[in-house]
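Peer 1:
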Amino acid sequence: MSEKLSEAAFDQLFRTARTYNAFLPKEVTDEQLHQIYELAKFGPTSANSSPMRVVFVKSKEAKEKLAPFLSEGNRAKTLAAPVTAIVGSDQAFYDKLPQLFPHADARSWFAGNQPLIDATAFRNSSLQGAYLMMAARAVGLDCGPMSGFDNAGVDSAFFAGTTVKSNFLVNLGYGDASRDLFPRSPRLSFDEACRIA
Numbered sequence: 001m002s003e004k005l006s007e008a009a010f011d012q013l014f015r016t017a018r019t020y021n022a023f024l025p026k027e028v029t030d031e032q033l034h035q036i037y038e039l040a041k042f043g044p045t046s047a048n049s050s051p052m053r054v055v056f057v058k059s060k061e062a063k064e065k066l067a068p069f070l071s072e073g074n075r076a077k078t079l080a081a082p083v084t085a086i087v088g089s090d091q092a093f094y095d096k097l098p099q100l101f102p103h104a105d106a107r108s109w110f111a112g113n114q115p116l117i118d119a120t121a122f123r124n125s126s127l128q129g130a131y132l133m134m135a136a137r138a139v140g141l142d143c144g145p146m147s148g149f150d151n152a153g154v155d156s157a158f159f160a161g162t163t164v165k166s167n168f169l170v171n172l173g174y175g176d177a178s179r180d181l182f183p184r185s186p187r188l189s190f191d192e193a194c195r196i197a
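Take the sequence shown: its letters are residues 1 to 197, numbered as in full-length UniProt numbering.
Structure representation (structure tokens):
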């Protein structure tokens, strides 16, 4: 059985972790991005489908390519963030299932069934994007996840000629708590959100 994490770990991953809108001018290394993915990839997905594909937008040129597709409220903070992860979902994820789920003919469950493909790709890339954020927090980075962008434009700029569609964006870096950090919004209580049946 796994050991319970420390209270400090609970704080870092959940309780004191925040959605950051500003980041310190400190580099996020390529090694850190590799480490984040190497942790996040182990989170569970349906039939190990693993549809998430990520572009880590880090260079000045890539940021300039992303800029026109950001909503006005997200543009400045995204351009200033050290890295922006474009979390996408591969609509042809099932072609990897012979590799990822070799003990069954899982590819045949999806091929030709577009509603199932769409639902599975969206659900599981969303899950994997959340794993990515938790991995980033686990290695000491902060996150600023967001919608508020032109999906079609981002897809054209970063996923042209592929079967990948953007899902959401996550700014990554070392959060600057002195700037644009809003008070924590309320959360629902257990009794408001849950029931035990």
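Even glycine gets a Cβ: it sits at the ideal position worked out from N, Cα and C.
Candidates Phe168, Ala111 and Thr19: which alpha carbon is nearest Ser71's?
Peer 2: Within the sequence shown, residue 71 is the residue found at index 71, counting from 1. With distances taken between Cα atoms, Ser71 lies closest to Phe168.
Peer 1: Between which residues of its own chain and Ala40 is the CB-CB distance below 7 Å, once the five residues before and five after are set aside?
Peer 2: Walking along the sequence shown from the start, residue 40 turns up at place 40. Hits under 7 Å: Gln128, Tyr131, Leu132 and Ala135.
Peer 1: Apart from the five residues just before and just after Asp142, which ones in its own chain have a Cβ nearer than 8 Å to its Cβ?
Peer 2: For this step, residue 142 is matched to residue 142 along the sequence shown. The residues are Ala17, Arg18, Tyr20, Phe23, Ala136, Leu172, Gly173, Tyr174 and Gly175.
Peer 1: Determine, for His34, whether the minimum Cβ-Cβ distance to residues of chain C falls below 8 Å.
Peer 2: Of the protein chains in this structure there is only one, and it is not chain C.
Peer 1: Need the endpoints of the alpha helix (DSSP H) that Ser108 sits in, please.
Peer 2: Position 108 of the sequence shown, counted from the first residue, corresponds to residue 108. First-last of the alpha helix (DSSP H) with Ser108: Arg107 to Phe110.
Peer 1: I'd like the list of long-range same chain contacts for Gln12, defined as Cβ closer than 7 Å, with 5 residues on each side in sequence excluded.
Peer 2: Position 12 of the sequence shown, counted from the first residue, corresponds to residue 12. The answer, listed in chain order, is Arg137.
Peer 1: How far does the beta strand (DSSP E) with Leu169 in it reach, from first residue to last?
Peer 2: As a working mapping, residue 169 is identified with position 169 in the sequence shown. Start and end: Val164 to Gly173.
Peer 1: Is the stretch 178-192 in contact with the stretch 103-113, if contact means three or more CB pairs nearer than 8 Å?
Peer 2: No, the stretch 178-192 is not in contact with the stretch 103-113.
Peer 1: Along the chain, which unbroken stretches of the beta strand (DSSP E) at least 3 residues long are found entirely within the stretch 118-156?
Peer 2: With a minimum length of 3 residues, the continuous beta strand (DSSP E) runs that stay inside the stretch 118-156 are 142-146.
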